[in-house]
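Residue numbers (the numbering used here), protein chains in the order written: chain A, 1 to 113; chain B, 114 to 229.
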């Protein structure tokens with residue numbers, strides 16, 4: 001079974017630029033999460049999808065962050081415009097039939113200069 | 114509100130030593146799940162264990178063991194006879210249990226370095 005795929009793995013941009021990250025969850029997994037992991041901290045939830053609907057986006061900075069999961073499969077997270085404090089690893093995770101087990105992708109490391 | 118505290122920021126041990134990683138949690142829920150994840154240098158979070166709040170039995174898996182004590186709100190993780198490959202950041206996490214898909218609340222992690 002293929003794991004959670006994410007791309008790109010690394011991205012360097014200047015502040016005020018835009019960036020997008022892509023995630024493909026494990027096949028058949030209905031729930032998809034995006035977490036932000038700032039250096040030296042644990043991951044923090046940004047947004048959770050159930051199929052193509054948003055379950056929780058209370059911690060998503062909506063003035064600059066957006067996310068979608070149009071067909072209930074893969075998802076895109078966008079930042080526009082980026083700030084220095086957005087430098088972090090963005091992790092995607094999914095949950096399927098085995099509840100309470102989240103499978104994480106390798107993450108996208110974003111550096112904003 | 115839920116909170117997970119991992120007071121040990123970094124631990125360094127010599128290979129073959131035993132090491133315990135501490136985790137203390139806060140929640141108002143009576144039903145919840147606790148987790149440990151390993152994050153090696155590659156960055157991917159690797160699931161190690163899940164424990165529900167009604168199961169206080171300790172668990173052993175090879176060189177890994179977990180001690181869950183509800184009375185002290187702790188869920189500690191012990192690695193016996195540590196190896197260099199155990200070097201990683203370890204995260205303790207908590208989730209509510211009202212559905213199977215609730216997001217995880219993570220601690221800040223403990224960086225373990227095992228020296229040969």
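Even for Gly, the Cβ is constructed at its ideal location relative to N, Cα and C. Remember, predicted model here, so these are calculated numbers, not experimental data.
CA-to-CA distance, residue 136 (chain B) to residue 119 (chain B), given in whole angstroms = 5 Å
With a CB to CB cut of under 6 Å and the five nearest residues on each side skipped, what residues in its chain are close to residue 125 (chain A)?
-> Coverage of chain A is limited to positions 1 through 113, which leaves residue 125 (chain A) absent and any answer about it impossible.
When the cut-off is 9 Å and only beta carbons count, does residue 57 (chain A) lie next to chain B?
-> no
Shortest alpha-carbon distance to residue 191 (chain B) belongs to which of B:159, B:225 and B:143?
-> B:225
Using the Cα positions of residue 73 (chain A) and residue 28 (chain A), report the straight-line distance between them to the nearest angstrom.
-> 8 Å
Can you tell which of A:69, A:64 and A:51 has the C-alpha that lies nearest to the C-alpha of residue 84 (chain A)?
-> A:64
Would you please verify whether the beta carbon of residue 117 (chain B) is less than 9 Å from any beta carbon of chain A?
-> yes
Measure the alpha-carbon distance for residue 31 (chain A) versus residue 105 (chain A) and round it to whole angstroms.
-> 14 Å
Grab me the residues of residue 52 (chain A)'s own chain with a C-beta within less than 7 Å of its C-beta, minus the 5 sequence neighbours each way, in chain order.
-> 69, 70, 71 and 72
For the beta strand (DSSP E) that contains residue 40 (chain A), what are its first and last residues?
-> Where residue 40 (chain A) is concerned, there is no enclosing beta strand (DSSP E), given that its DSSP letter is neither H nor E.
Separation of residue 210 (chain B) from residue 154 (chain B), as counted between CA atoms | 30 Å
Could you tell me which of A:5, A:20 and A:108 sits nearest to residue 80 (chain A), measuring between CA atoms?
-> A:20
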